[in-house]
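**Student:** To convert, take the position in the sequence shown, counting from 1, and add 4; that gives the working numbering. I am attaching a structure below and will ask some questions about it afterwards.
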Amino acid sequence: MADVESRSERLRRLGMGAPITRRDFIDGIAVTAVAAAAPSPVLAAVDPDGPGSAPQDHPGYYPPALTGMRGSHPGSFEAAHALRDGAFPKPAAAAIETGEYYDLIVVGGGISGLAAAYFYRAKAGAAARILILDNHDDFGGHAKRNEFALGGKIQLINGGTLGIDSPRPYSPVAAGLLTALGIDPAALAAHDADPGFYPSLGLGFGIFFDKETFGVDRLVKGKIASSEFLKQAPLSGAARRDIQRLETEPIDYLPGLSSPEKKARLSRISYRDFLLNLVKADPSVIPLYQARTHGEWGVGIDAVSALDVWPFGFPGFQGLKLDPGSAPHMGYTAAGYADGGSYKFHFPDGNASIARLLVRSLVPPAVPGSTAEDVVTARIDYGRLDRPDNPLRIRLGSTTLSVSASGPGDSPAAVEVVYSRMDRAWTARAKHSVLACWNTMIPYLCPQLPERQKAALHYLVKVPLVYTNVALRNWRAFAALGVAAIHCPGSYHSSVRLNPVTDIGSYRSPRSPDVPILVRMVRAPCSPGMSERDQHRMGRGELLTTSFETFEELIRDQLGRMLGTEGFEPARDITAITINRWPHGYAYEYNPLFDPNWPEGEAPHEIGRTRFGPIAIANSDAAAAAYTDAAIDQAHRAVAELLASTL
Ligand SMILES: Cc1cc2nc3c(=O)[nH]c(=O)nc-3n(C[C@H](O)[C@H](O)[C@H](O)COP(=O)(O)OP(=O)(O)OC[C@H]3O[C@@H](n4cnc5c(N)ncnc54)[C@H](O)[C@@H]3O)c2cc1C
């Protein structure tokens, strides 16, 4: 009988007990510490009554360097979920008075919330008093920075929002903000990003076929349609034949229809159904393409329309001769989705650098330096973010529980805000509030809102996603296999790629396969067959109930199986893991397969963002668009609504 590996042998082989850098935190306080080589980036216990007693005020507090479960990290969501579940029936009653009065309280310290503070101050004057509350231990929202110390050097990667990149050109408002922050995306892209580096080493794209889905573990390099690829791929003869046809032959699968008619039809069928019913591909083709939409939509091809994938270069449209230009439902241009005239650049820590530049502008002493280049290596002094003498304060680890309009928009204390911090409820007041938090939270914060508006806010179910960042001792196995990016259609994480090369300021990306590197793995937790929003609800639940240990075992197993042929050993070669779990990830963008085509002004995001007296609503949710330019534009609109109503 063949040797059967026992559970304990498997765990040992994968290195589950190995000393990696990993910690789990609650409100910035370590609850477990596992063999970390570096000193703790946050402090141990704090006295909740002492001045400057919050974790962020303590020397050494530096959340970007935390590893383990990040994104919606332990300690960031429990108060919000208790509120949802009715566990804070009257938050204001038991709240401690801070005695603080502001011109503006912003709920949510993501790019939209930070931009709202920026725009408000620009209009109302530098003396405007502003408080930003965020439930996480770091600012930036999805635009979060992961920082690793590897081999004596800092390596950076994004924990969420990756890049300056949108299906549309940045608006004058969003582009103007980038300019004001010193960001020139075109110049930065030309000088600092090196998309040709991995290809120059002969590293390209591969697909990992897993045993559970395809019968055998095999990594195959190259273009799907190439005869070499198809020869090596563990696929049936029928699948090979139909993939070849799909990828290479310019067949019109909708003969007799005009381009607008074809587009209308394609917007109403999923890409899966397009393949099965129009292309008439063998069903064994589907597993190869099923997860290809995960990174962009957070669901598989069963829940994304054929029209939506067309501009992304998915195969099967070569012979349809679709006119360039708008896709009728979504309003994006075909050329647009792939290259909509937007800038394209990403900092080594993604758009966390934009958040850091915003914070530099809002609280200058907290962020040393003066350029978009030097912010990349700047070490933020978190202790300066919430000083009483700052006109603008950023308060972390603070979950807003209630925002109530208690007076007209121009009274000095028109809004009462209750928030939870360090297990206590606190009250602060302001003339105005911008809710730049996730729309789904707002009905719980503001039960005063009209029922129609609350229902609209609830409609948008954010897309759950996981960005897992793994530190490796070296990347010789990638070099030997000749791959820098791997799509894994049947695996737990559906993509794996080496951290792109971006040298900026004094920051240098690794260049030699012999030195440590970060790899990015993406998981979209989906449930094929359901509507997109139902899949997101299921996925959200899954992410919140999956332990770090489960993730870790699956990560180690996947990397070991993909790279093991070239000597990669998970137990030896993985040195740190950070799981950026985003149960509330991308803003929901309407899906022509499941959502009606609302008349202008009647879509849920438009109803949901209606100003309520001194309270205005921002966040990318308010645009139903999961992009940084949308987050900025919505902040600008929200502030303009407030100031137009009072100034
Ligand atoms: C994994 C991932 C990758 C992405 N990649 C890109 C990309 O490459 N390019 C791009 O343009 N966009 C990308 N996005 C979209 C991204 O959401 C936006 O670009 C932008 O960062 C959103 O900013 P925001 O301020 O609107 O929302 P968020 O970043 O979500 O910020 C909202 C903040 O409000 C906080 N909050 C919620 N409720 C409360 C409460 N009750 N009290 C206090 N605080 C609260 C949240 O926790 C969060 O910190 C990505 C998103 C994800 C999840």
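Cβ coordinates follow ideal geometry from the N, Cα and C atoms, glycine included.
Work out the CA separation of P608 and F92 for me, nearest whole Å.
**Tutor:** For the purposes of this step, residue 92 is taken as the residue at position 88 of the sequence shown. For the purposes of this step, residue 608 is taken as the residue at position 604 of the sequence shown. C-alpha of F92 to C-alpha of P608: approximately 27 Å in a straight line.
**Student:** Quick one: what does DSSP say A193 is sitting in, helix, strand or coil?
**Tutor:** The residue you call residue 193 lines up with position 189 of the sequence shown. Of the three classes helix, strand and coil, the one that applies to A193 here is helix, per DSSP.
**Student:** Quick one, which of D393, A489, I611 and Q236 has its alpha-carbon nearest I446's?
**Tutor:** Here residue 446 corresponds to residue number 442 of the sequence shown, with the count starting at 1. Nearest option by C-alpha distance: I611.
**Student:** Do D89 and S402 count as a contact pair if the criterion is CB distance below 8 Å?
**Tutor:** Residue 402 sits at position 398 when you count from the first residue of the sequence shown. Residue 89 sits at position 85 when you count from the first residue of the sequence shown. No; because the gap between Cβ atoms is not below 8 Å, this pair is not in contact.
**Student:** Is A37 helix, strand or coil by DSSP?
**Tutor:** Counting from one through the sequence shown, the residue named residue 37 turns up at place 33. Only weak support is given to the placement of A37: the predicted model assigns it a pLDDT of 32, under 50, and the question is left unresolved by the model.
**Student:** Given a threshold of 16 other Cβ atoms within 10 Å of its Cβ, counted over all protein chains shown, does E593 qualify as buried or as exposed?
**Tutor:** Residue mapping note: residue 593 aligns to position 589 of the sequence shown, counting from 1. Residue burial annotation: E593 is buried, with at least 16 other C-beta atoms found within 10 angstroms of its C-beta.
**Student:** Between I100 and the rest of its own chain, which residues show a CB-CB distance below 8 Å, the 5 nearest in sequence each way excluded?
**Tutor:** Here residue 100 refers to the residue found at position 96 of the sequence shown. A distance below 8 Å between beta-carbons, with the five flanking residues on each side excluded, links I100 to the following residues of its chain, in chain order: R428, A429, W430 and T431.
**Student:** Need the endpoints of the beta strand (DSSP E) that Y202 sits in, please.
**Tutor:** Residue mapping note: residue 202 aligns to position 198 of the sequence shown, counting from 1. Careful: Y202 lies outside any beta strand (DSSP E), inside the alpha helix (DSSP H) at F201 to S204.
**Student:** Run through DSSP, which three-state label would S410 get?
**Tutor:** In the sequence shown, counting from the first residue as 1, residue 410 sits at position 406. S410: coil per DSSP, three-state reduction.
**Student:** Could you tell me which of G180, E573, A635 and P173 sits nearest to L18, measuring between CA atoms?
**Tutor:** Numbered from 1 along the sequence shown, position 14 holds the residue referred to as residue 18. Minimum Cα distance to L18 is reached at E573.
**Student:** What's the gap between the Cα of T217 and the Cα of E82?
**Tutor:** The count along the sequence shown starts at 1 and reaches residue 217 at position 213. The count along the sequence shown starts at 1 and reaches residue 82 at position 78. Computed Cα separation, rounded: 36 Å.
**Student:** Let's see if you can read the secondary structure: which residues bound the beta strand (DSSP E) around M73?
**Tutor:** For the purposes of this step, residue 73 is taken as residue 69 along the sequence shown, with counting starting at 1. Taken as a continuous stretch (DSSP letters only), the beta strand (DSSP E) holding M73 covers G72 to G75.
**Student:** Only counting the same chain, and skipping five residues up and downstream in sequence, which positions put a Cβ closer than 7 Å to that of A356?
**Tutor:** Translated into the one-based positions of the sequence shown, residue 356 becomes position 352. Hits under 7 Å: G144, A147, K148, R149 and N162.
**Student:** For a test of the three-state rule: what should DSSP assign to P587, helix, strand or coil?
**Tutor:** The sequence position of residue 587 within the sequence shown is 583, counting from 1. Here P587 sits in strand by DSSP.
**Student:** Determine the DSSP secondary structure at Y174, reduced to helix, strand or coil.
**Tutor:** Reading the sequence shown from its first residue, position 170 is the one you call residue 174. DSSP places Y174 in coil when its eight states are reduced to three.
**Student:** Bridge partners of V438, per DSSP?
**Tutor:** As a first step, residue 438 is located in the sequence shown; it is residue number 434 there, counting from the start. In DSSP, V438 forms a bridge with V110 and A620.
**Student:** Quick test of your reading: S510 and T404, contact by CB under 8 Å. State the CB separation rounded to the nearest angstrom.
**Tutor:** For the purposes of this step, residue 510 is taken as the residue at position 506 of the sequence shown. For the purposes of this step, residue 404 is taken as the residue at position 400 of the sequence shown. That belief does not hold up - the Cβ atoms of S510 and T404 are roughly 38 Å apart, past 8 Å.
**Student:** Quick one: residues in its chain with C-beta nearer than 6 Å to the C-beta of R615, no 5 flanking neighbours on either side, listed in chain order?
**Tutor:** Walking along the sequence shown from the start, residue 615 turns up at place 611. Once the five neighbours on either side are set aside, the close Cβ partners of R615 are E645.
**Student:** Taking only the alpha-carbon atoms, compute the straight-line gap between T183 and L135 and give it to the nearest angstrom.
**Tutor:** Position 179 of the sequence shown, counting from 1, holds the residue named residue 183. Position 131 of the sequence shown, counting from 1, holds the residue named residue 135. T183 and L135: Cα-Cα distance of roughly 24 Å.
**Student:** Under 8 Å by Cβ, that's how I've got S274 and A307 pegged, so tell me the actual separation to the nearest angstrom.
**Tutor:** Position 270 of the sequence shown, counted from the start, is the residue given in the question as residue 274. Position 303 of the sequence shown, counted from the start, is the residue given in the question as residue 307. With a beta-carbon spacing of about 6 Å, S274 and A307 fall inside the 8 Å limit used to define contacts.
**Student:** Any idea what DSSP makes of Y423, helix, strand or coil?
**Tutor:** Mapped onto the sequence shown, residue 423 falls at position 419. Note: Y423 maps to strand in three-state DSSP.
**Student:** Going by other Cβ atoms of all chains shown within 10 Å of its Cβ, with 16 needed for buried, is N623 buried or exposed?
**Tutor:** Along the sequence shown, read from residue 1 onward, the residue named residue 623 stands at position 619. N623 comes out buried.
**Student:** Do L279 and A475 have their CB atoms nearer than 8 Å?
**Tutor:** For this step, residue 279 is matched to residue 275 along the sequence shown. For this step, residue 475 is matched to residue 471 along the sequence shown. No, the Cβ-Cβ distance between L279 and A475 is not below 8 Å.
**Student:** Can you say whether W586 is buried or exposed, counting buried as having 16 or more other CB atoms within 10 angstroms of its CB?
**Tutor:** Locating residue 586 in the sequence shown gives position 582, where the first residue counts as 1. By the 10 Å Cβ count, W586 comes out buried.
**Student:** Check whether the segment 501-510 and the segment 595-604 touch, using three or more Cβ-Cβ pairs below 8 Å as the test.
**Tutor:** no
**Student:** Which whole runs of the beta strand (DSSP E) in the segment 421-506 are 3 residues long or more, in chain order?
**Tutor:** 428-439, 467-476, 487-491 and 499-502
**Student:** If we call anything under 8 Å between Cβ atoms a contact, is L207 one with L270?
**Tutor:** What you label residue 207 is simply residue 203 of the sequence shown in a count that begins at 1. What you label residue 270 is simply residue 266 of the sequence shown in a count that begins at 1. L207 is not a Cβ neighbour of L270, given a cutoff of 8 Å.
**Student:** If you measure from the CB of T165, is any heavy atom of ligand 1 nearer than 7 Å?
**Tutor:** Reading the sequence shown from its first residue, position 161 is the one you call residue 165. The answer is yes for T165.
**Student:** Closer than 7 Å: is that where the CB of Y471 sits relative to any heavy atom of ligand 1?
**Tutor:** Against the sequence shown, residue 471 aligns to sequence position 467. Flag set: Cβ of Y471 near ligand 1.
**Student:** Do the segment 561-570 and the segment 119-129 touch if we need at least three Cβ pairs shorter than 8 Å?
**Tutor:** no
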